[in-house]
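Asker: Next up is a structure, given as structure tokens.
Residue numbers (our numbering): 2 to 535.
And the structure:
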């Protein structure tokens, strides 16, 4: 038989008649009784919750305390304030914890092979290879030295060498603390210290040119400066605009179109037909020309070499503007400068600008295929303008420049510089020099440095020792390193061969015109490669 359905009345819990203190303590007793009955999973979940709560806790009162001025804190002898806690950012792994909401989302699937990451520009620094050509960090020893003429350097190991090297490495501190003491140093010693800063100073923000020569320095001392080694300065602690303000100042004088009020001048009449009441002849109106005031009037040697990523700060248009004011330079260093062009950002852009009534103009004179097509027309024109400005040059350093072929550019592919030097330097249509004027503006050039600027380094093993190529054991990583080493040697030999061709071409031009001998420094060749025996 089916069971009877019993209707139950709505049960309402009556109000407790226990005292309030007993009622408040009752849930606590129930919680303590249930705490002993929880499972292991509940305990693990609670511990994770407490750990997350401790990581994202609110700042304490000590961290929110009002800041006190450092001078007042030093007087009251108070401890330094604690550093602020790191801000919680979702999706970023926190130091010391590998779980929780700050954990990075992993990419599904197995990790990529290490060989894929070593040659990738998106690889982390810990995995990236030190010979990555896309990153520009090929394992090469770059020549970083100061070889400007008229330099007197102390011998290595001497006390003066050690002190100057220490000052150059800690230049930021000395520029702040010893700024008023640099004026007591002789001018030649300050020039040497500037060269030490160019070689041993890294990540410099304080301008050493202003601290050594332009800070409360008399005009007579600045006239004694003949050598400024500003290697690695561009893009690091100065720019071309700042350099122009440090080297010279253009004084405009009176406003253009105004009359120079002299002893024999009178105010301008209201009209040209009005007769002058003065019997004396008036001085005609002369538009004033800008007058350049040079801070270093006897500057002869200048180095503008750049290193590494700072090559982007090297501007050829700014260099031509600077060279127009420094025509008396006898030594110039342009080591590691990029390809001569007025549009460096348009190397991969080709656009034709058309305007009515005129010929179409191609935007960008040089492109990424300039070296492959041997089309150095724009580079040769820039170098020709530079040679016309620096007509007193006797020493030129082009170390590490990959555009040495522009020095012997010839528009005719059939002409060879070795057999016909006149065609290699003159255009068959205009009969004007396409490259630098070696027998014109640069007819006094005596020393030309065309070194490669770097040398390849043999592969290394894990203990950072160069292994002998004839005794190395074969593996994939060793084969990859040896392949890159061979490629670097081929590139080194190619650049050096181009420098030798340029040297023969320039000497032939000088000999044909009866000019002086040009000494070209190329550098030593590499030792023969010993192939390993697997």
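Positions of the beta carbon are idealized from the N, C-alpha and C atoms, including for glycine. Note that the structure is a prediction, hence the values are computed from the model and not measured.
#1: How should residue 222 be labelled, buried or exposed, when 16 other C-beta atoms within 10 angstroms of its C-beta is the threshold for buried?
#2: Tell me, please, which residues DSSP counts as bridged to residue 70.
#3: Distance, Cα to Cα, residue 206 vs residue 184?
#4: In angstroms with no decimal places, state the Cα-to-Cα distance between residue 294 and residue 347.
#5: Compare the C-alpha of residue 336 against each of 326, 48, 235, 385 and name the closest.
#6: Just how far apart, CA to CA, sit residue 224 and residue 251?
#7: Does the beta-carbon distance from residue 403 to residue 380 come in below 8 Å?
#8: Short check: CB of residue 292 to CB of residue 332, under 8 Å?
#9: Taking only three categories from DSSP, how would you classify residue 294?
#10: Quick one: Cα of residue 1 to Cα of residue 243, how far?
#11: By the DSSP assignment, the beta strand (DSSP E) with residue 457 in it spans what residues?
#12: Compare the beta carbon distance of residue 351 and residue 390 with 8 Å and say whether it is the shorter of the two.
#13: How many whole angstroms separate the CB atoms of residue 172 and residue 152, which I take to be in contact at a CB cut-off of 8 Å?
#14: Taking all protein chains shown into account, decide if residue 388 is buried (16 or more other Cβ within 10 angstroms of its Cβ) or exposed.
#15: Classify residue 44 as buried or exposed, calling it buried when 16 or more other Cβ atoms lie within 10 Å of its own Cβ.
#16: My output table needs one value for residue 214: the three-state DSSP class, helix, strand or coil.
#17: Just how far apart, CA to CA, sit residue 168 and residue 114?
#18: Need the endpoints of the beta strand (DSSP E) that residue 308 sits in, please.
#19: What residue range does the alpha helix (DSSP H) around residue 380 cover?
#20: For residue 364, which residues does DSSP report across the bridge?
#21: Does the contact criterion of 3 or more C-beta pairs under 8 Å hold for the stretch 479–489 versus the stretch 503–513?
#22: Quick test of your reading: residue 353 and residue 361, contact by CB under 8 Å. State the CB separation rounded to the nearest angstrom.
#23: DSSP state of residue 518, grouped into three classes?
#24: Under three-state DSSP, which class holds residue 400?
#25: Does DSSP put residue 205 in a helix, in a strand, or in coil?
#26: Under the rule that 16 or more other beta-carbon atoms within 10 Å means buried, what is residue 368, buried or exposed?
#27: Quick check on residue 410: buried or exposed, where buried means 16 or more other Cβ atoms within 10 Å of its Cβ?
#28: Output the distance between the C-alpha atoms of residue 375 and residue 383, rounded to the nearest integer angstrom.
#29: From this set, 448, 460, 355, 364, which residue's C-alpha is nearest residue 393's C-alpha?
#30: Going straight from the alpha carbon of residue 323 to that of residue 245, what length do you get?
#31: When burial is assigned at 16 or more other CB atoms within 10 Å of the CB, is residue 154 buried or exposed?
#32: Residue 364: which of 456, 214, 355 sits nearest, CA to CA?
#33: Checking the sheet assignment: what are the DSSP bridge partners for residue 330?
#34: Taking only the alpha-carbon atoms, compute the straight-line gap between residue 515 and residue 442 and give it to the nearest angstrom.
#35: Less than 8 Å between the C-beta atoms of residue 230 and residue 149, yes or no?
Answerer: Looking at the coordinates:
#1: Here residue 222 refers to the residue found at position 221 of the chain shown. The residue in question, residue 222, is exposed, as its Cβ has fewer than 16 Cβ neighbours within 10 Å.
#2: Residue 70 sits at position 69 when you count from the first residue of the chain shown. Beta-bridge pairing links residue 70 to no other residue.
#3: Your numbering for residue 206 matches position 205 in the chain shown. Your numbering for residue 184 matches position 183 in the chain shown. C-alpha separation (whole angstroms): 20 Å.
#4: The residue you call residue 294 lines up with position 293 of the chain shown. The residue you call residue 347 lines up with position 346 of the chain shown. Approximately 36 Å between the Cα atoms of the pair.
#5: By one-based count along the chain shown, residue 336 stands at place 335. Checked all of 326, 48, 235, 385; the closest Cα to residue 336 is 235.
#6: As a working mapping, residue 224 is identified with position 223 in the chain shown. As a working mapping, residue 251 is identified with position 250 in the chain shown. Cα to Cα, residue 224 sits roughly 18 Å from residue 251.
#7: For this step, residue 403 is matched to residue 402 along the chain shown. For this step, residue 380 is matched to residue 379 along the chain shown. For residue 403 and residue 380, no; Cβs fall outside 8 Å.
#8: Sequence index remark: in the chain shown, residue 292 carries index 291 (1-based). Sequence index remark: in the chain shown, residue 332 carries index 331 (1-based). Taking 8 Å as the Cβ cut-off, residue 292 and residue 332 do not qualify as a contacting pair.
#9: Residue numbering aside, residue 294 sits at position 293 when the chain shown is read from its first letter. If DSSP states are grouped into helix, strand and coil, residue 294 belongs with the strands.
#10: The chain is shown only over 2 to 535; residue 1 falls outside these bounds and no answer can be derived.
#11: Taking the first residue of the chain shown as position 1, residue 457 is located at position 456. Start and end: 455–457.
#12: By one-based count along the chain shown, residue 351 stands at place 350. By one-based count along the chain shown, residue 390 stands at place 389. Contact flag unset, no.
#13: What you label residue 172 is simply residue 171 of the chain shown in a count that begins at 1. What you label residue 152 is simply residue 151 of the chain shown in a count that begins at 1. Not quite, the Cβ-Cβ distance comes to about 19 Å (not below 8 Å), so this is no contact.
#14: Walking along the chain shown from the start, residue 388 turns up at place 387. By the neighbour-count rule (16 or more Cβ atoms within 10 Å), residue 388 is buried.
#15: By one-based count along the chain shown, residue 44 stands at place 43. Residue 44 should be labelled exposed.
#16: Start at 1 with the first residue of the chain shown, and residue 214 comes out as number 213. Three-state result, residue 214: helix.
#17: Along the chain shown, read from residue 1 onward, the residue named residue 168 stands at position 167. Along the chain shown, read from residue 1 onward, the residue named residue 114 stands at position 113. Each residue's Cα considered, the two are about 46 Å apart.
#18: Against the chain shown, residue 308 aligns to sequence position 307. Premise fails: residue 308 is in no beta strand (DSSP E) and is neither H nor E.
#19: Your numbering for residue 380 matches position 379 in the chain shown. 378–390 is the extent of the alpha helix (DSSP H) around residue 380.
#20: Taking the chain shown and counting its residues from 1, one reaches residue 364 at position 363. The partner list for residue 364 (beta bridge, DSSP) reads 352.
#21: no
#22: Here residue 353 refers to the residue found at position 352 of the chain shown. Here residue 361 refers to the residue found at position 360 of the chain shown. Their Cβ separation, rounded to whole angstroms, is 5 Å, which keeps residue 353 and residue 361 in contact under 8 Å.
#23: Within the chain shown, numbered from 1, the residue matching residue 518 stands at position 517. Three-state DSSP puts residue 518 in coil, outside helix and strand.
#24: Start at 1 with the first residue of the chain shown, and residue 400 comes out as number 399. Reduced to three states, the DSSP call for residue 400 is coil.
#25: On the chain shown, residue 205 is found 204 positions in, with the first residue counted as 1. Reduced to three states, the DSSP call for residue 205 is coil.
#26: Position 367 of the chain shown, counted from the start, is the residue given in the question as residue 368. Its Cβ being crowded by 16 or more others within 10 Å, residue 368 is buried.
#27: By 1-based counting over the chain shown, the position of residue 410 is 409. Flag for residue 410 reads buried.
#28: In the chain shown, counting from the first residue as 1, residue 375 sits at position 374. In the chain shown, counting from the first residue as 1, residue 383 sits at position 382. Computed Cα separation, rounded: 16 Å.
#29: On the chain shown, position 392 is the one that residue 393 refers to. Nearest option by C-alpha distance: 448.
#30: Along the chain shown, one-based indexing puts residue 323 at 322. Along the chain shown, one-based indexing puts residue 245 at 244. Answer to the nearest angstrom: the Cα atoms are 7 Å apart.
#31: Numbered from its first residue, the chain shown carries residue 154 at position 153. With fewer than 16 other Cβ atoms within 10 Å, it is exposed.
#32: Indexing the chain shown from 1 puts residue 364 at position 363. Closest option to residue 364, Cα to Cα, is 355.
#33: Indexing the chain shown from 1 puts residue 330 at position 329. DSSP, once it has assigned bridges, lists no residue as partnering residue 330.
#34: The residue labelled residue 515 in the question sits at position 514 within the chain shown. The residue labelled residue 442 in the question sits at position 441 within the chain shown. If you take the alpha carbons of residue 515 and residue 442, they lie about 15 Å apart.
#35: In the chain shown, residue 230 corresponds to position 229, counting from 1. In the chain shown, residue 149 corresponds to position 148, counting from 1. The answer is yes: Cβ separation under 8 Å.
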